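Notes to accompany the following structure.
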Ligand code: GLN
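Residue numbers (the numbering used here): 7 to 208.
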């Protein structure tokens with residue numbers, strides 16, 4: 007199996023590190039021909055508006071959307087979660103997403119005073135200690151469609167509880183950045199469970 011990391015903007019290198027830990031071959035994806043070459047894709051953290059714009063400029067926006075519709079496994083962290091959401095609140099005026107997960111996410115949801123924070127979260131299907139979750143101007147999930155599994159939630163400052171890790175079929179997304187830690191269990195879950203399940207369906 008070969009996993010691509012969309013390498014237009016964002017924390018691409020960190021995802022390579024996590025994938026190396028999982029023992030899978032990984033390549034950077036910028037062009038449609040490189041997308042054709044991978045079985046699964048990671049959308050990194052960064053700036054979702056910039057990543058979407060660059061994807062259009064590189065002619066890879068529509069090909070990614072088509073592969074998602076065709077069942078390619080994709081994991082998105084932070085900006086990547088926004089790019090996988092069908093609907094975005096507080097989006098930039100012309101913001102497009104690849105979509106695929108039937109949720110509404112709110113960009114920069116945790117508010118300015120806590121633009122960045124860390125907390126330990128229990129993530130369903132991940133054994134052992136809670137995951138150290140790093141949130142950087144992170145989105146949360148505000149509405150969730152049927153067929154979307156919530157793997158983890160956190161409480162906001164006002165006490166409201168919001169999903170921060172979700173899965174719908176072959177698509178996985180987290181508001182936080184496991185790639186910025188040395189813990190590769192989320193990537194391993196993606197490679198070993200999400201991708202494997204998609205391969206069986208295909
Ligand atoms: N706020 C960013 C966005 O809207 C996401 C931040 C991140 O990926 N750390 O794309």
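Here a beta-carbon is modelled for each residue, glycine too, at the ideal position from N, C-alpha and C. Computed from a predicted structure; not experimentally measured.
* Less than 8 Å between the CB of residue 183 and some heavy atom of the ligand GLN, yes or no? -> Working through the chain shown from its first residue, we reach residue 183 at position 177. Because some heavy atom of the ligand GLN lies under 8 Å away, the Cβ of residue 183 counts as near it: yes.
* Asked: Is any heavy atom of the ligand GLN found at a distance shorter than 8 Å from the C-beta of residue 55?
  -> On the chain shown, residue 55 is found 49 positions in, with the first residue counted as 1. Answer for residue 55: yes, Cβ within range of the ligand GLN.
* Completely contained beta strand (DSSP E) runs for the stretch 51 to 103, where each covers 3 or more residues -> When DSSP assignments are scanned along the stretch 51 to 103, the uninterrupted stretches of beta strand (DSSP E) that are 3 or more residues long and fall wholly within it turn out to be 80 to 83, 91 to 95.
* Asked: Which same chain residues, not among the five before or five after residue 157, have their C-beta less than 7 Å away from its C-beta?
  -> Stepping through the chain shown from its first residue, residue 157 is reached at position 151. Cβ contact annotation for residue 157 (same chain, cutoff 7 Å, sequence separation greater than five): 129, 130, 131, 171, 172, 173, in chain order.
* Using 8 Å as the threshold, is the stretch 11 to 18 in touch with the stretch 53 to 61, meaning 3 or more CB pairs across them? -> The stretch 11 to 18 is in contact with the stretch 53 to 61.
* Asked: Are the stretch 180 to 199 and the stretch 23 to 34 touching, with three or more C-beta to C-beta distances below 8 Å?
  -> A contact exists between the stretch 180 to 199 and the stretch 23 to 34.
* Helix, strand or coil at residue 111 [DSSP, three-state] -> Along the chain shown, read from residue 1 onward, the residue named residue 111 stands at position 105. The answer is strand: DSSP assigns residue 111 an E or B state.
* Across which residues does DSSP place residue 184 in a beta bridge pair? -> Within the chain shown, the letter at position 178 stands for residue 184. Paired residue(s): none; residue 184 is not in a bridge.
* To do: Could you tell me the distance, in whole angstroms, from the CA atom of residue 37 to the CA atom of residue 164?
  => Locating residue 37 in the chain shown gives position 31, counting from the first residue. Locating residue 164 in the chain shown gives position 158, counting from the first residue. Residue 164 has its alpha-carbon roughly 43 Å from the corresponding atom of residue 37.
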